[in-house]
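Below is one structure, written out as structure tokens; the observations come after it.
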Amino acid sequence: AGAGAAGSAAAGTTPLERGETLSYLCTLGSPLPLLAAAGGSVPGLNQLEVPTAAMQRKHPHLRGGWANFHPKGDPLSLPLAPCCPAIAQEHALAVRPRRDQPLPLACLADVAGVVRPVAQAVSWVWQDTNR
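Quick note: this note's numbering has the sequence shown finishing at residue 145, numbered continuously throughout.
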């Protein structure tokens with residue numbers, strides 16, 4: 015029974031394994047628009063639905079979505095909305111890192127620009143799925 019259970023779990027038998035529970039997605043500094051502009055393909059990007067249809071059926075008032083945060087000063091970090099219709103929010107961050115601090119870490123420490131919106135979205139998803 016152990017081998018059969020392991021084999022079926024690898025095939026994605028639970029909603030979590032199949033990606034059906036995705037309610038909120040946050041990306042930070044994504045270079046995907048550069049890949050798309052260069053003619054590269056991003057498999058499944060246009061088909062990505064956040065929240066998923068399964069979550070929307072189960073929780074019709076779910077306030078989920080996809081938020082993309084991109085620092086204005088990072089040449090590899092661009093808005094994703096032009097190449098991905100599933101983006102619900104774009105946040106351009108005006109972050110100035112310290113000399114010894116990488117730009118992504120400075121963004122993650124930006125309470126008003128990143129932490130607060132992500133915390134609010136996670137709170138909404140939790141509230142909407144636990145009514």
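Ideal Cβ positions, reconstructed from N, Cα and C, are used throughout, including at glycine. In this text, all values refer to a predicted model and were calculated from it rather than measured experimentally.
For residue j and residue i, the rounded distance between their alpha carbons
i	j	result
A135	P65	12 Å
P47	R145	37 Å
L92	D142	30 Å
L30	L90	31 Å
P85	H105	8 Å
D124	G33	29 Å
G79	D114	33 Å
G87	T27	43 Å
A126	V139	20 Å
Local conformation of residue i per DSSP, three classes
i	result
Q13	Outside the modelled stretch of the chain, which goes from 15 to 145, sits residue 13, for which no answer is possible.
T41	strand
A67	helix
A15	A caution first: A15 carries a pLDDT of 46, below 50, which makes its placement in the model unreliable, though a value can still be read off. DSSP places A15 in coil when its eight states are reduced to three.
Option in the options with minimal Cα separation from residue i
i	options	result
V109	R32, G43 and N60	G43
E63	D88, P131 and T35	T35
R71	S37, A95 and G26	S37
A81	A67, W140, M69 and L94	L94
Cutoff 8 Å; reference residue i; Cβ partners in own chain excluding five residues on either side
i	result
P99	N60
V128	L42, F83, H105, L107, C121 and L122
Close Cβ partners of residue i (< 6 Å) along its chain, the five nearest in sequence each way excluded
i	result
V132	C40
query: What are the uninterrupted segments assigned as beta strand (DSSP E) that are 3 or more residues long and contained completely in the region 69-97, given in chain order?
result: 79-85
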